[in-house]
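Asks: Residue numbering for the sequence shown follows our numbering, starting at 3 and increasing by one per position. Cβ atoms here follow ideal geometry from the backbone N, Cα and C, with glycine treated the same way.
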Amino acid sequence: MQAYVELTWGCWDDNHQRALIYDSIDPSTHQIIQLDGQDIGCLAIERHPTHLQLTKLYLLPQFQRQGIGTFLVQQLIAEAKQRQLPLRLRVLAVNPAYQFYRRQGFVVHEQTTERFLMEYGGNTNA
Numbered sequence: 003m004q005a006y007v008e009l010t011w012g013c014w015d016d017n018h019q020r021a022l023i024y025d026s027i028d029p030s031t032h033q034i035i036q037l038d039g040q041d042i043g044c045l046a047i048e049r050h051p052t053h054l055q056l057t058k059l060y061l062l063p064q065f066q067r068q069g070i071g072t073f074l075v076q077q078l079i080a081e082a083k084q085r086q087l088p089l090r091l092r093v094l095a096v097n098p099a100y101q102f103y104r105r106q107g108f109v110v111h112e113q114t115t116e117r118f119l120m121e122y123g124g125n126t127n128a
């Protein structure tokens, strides 16, 4: 993530990044992803009346590209479909995860200089 932050904003400040993470952790929305008893990542999902918002999906590099992220996203898509709600997320424009989300069926519904705001379901690809 550090490389994408540096590409987007030009610098990385460990203390600032730690503060952002600590301030955003809510046990009701965050889950530690485990594989065989080992912590390998973090998932955060906010469930709103009008949509589901995937706010974090982080996997340690050695666990990426093994189908784990796809499995987790497909579970969230199934939940969104069952609730008949769109699933939304934001991804930095320089982050290759953008292509991952496109492969999962997400489409860009808004764009800023720094981010793509993506959605699955709703009016974009129900």
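Is there contact between the segment 109-117 and the segment 76-86, where contact requires at least three CB pairs shorter than 8 Å?
Replies: Flag = no, the segment 109-117 and the segment 76-86 do not touch.
Asks: So, at 6 Å on beta carbons, what are the nonlocal neighbours of A128 in its own chain, with the 5 sequence-adjacent residues on each side left out?
Replies: Counting from 1 along the sequence shown, the entry for residue 128 is found at position 126. Residue confidence for A128 is low, a pLDDT of 45 falling below 50, so the modelled location carries little weight; the figure read from the coordinates is stated next. Within the same chain, A128 has no close Cβ partners at all.
Asks: Does E116 pass the burial test, meaning 16 or more other C-beta atoms within 10 Å, or should it be called exposed?
Replies: As a working note, residue 116 is residue 114 in the sequence shown. Exposed: under 16 other Cβ atoms inside 10 Å.
Asks: Spatial neighbours of R90 within its chain, please: CB distance less than 6 Å, with the 5 preceding and 5 following residues excluded, ordered by chain position.
Replies: On the sequence shown, residue 90 is found 88 positions in, with the first residue counted as 1. Around R90: H53, Q55, E121.
Asks: Return helix, strand or coil for A80, following the three-state DSSP convention.
Replies: The count along the sequence shown starts at 1 and reaches residue 80 at position 78. Looking at A80 - three-state DSSP - the assignment turns out to be helix.
Asks: Measuring alpha carbon to alpha carbon, tell me which of L37, Q106, G107, P88 ends up nearest L61.
Replies: Looking up residue 61 in the sequence shown gives position 59. Considering only alpha carbons, the answer is L37.
Asks: What's the C-alpha gap between S30 and F65?
Replies: The residue you call residue 30 lines up with position 28 of the sequence shown. The residue you call residue 65 lines up with position 63 of the sequence shown. Cα to Cα, S30 sits roughly 24 Å from F65.
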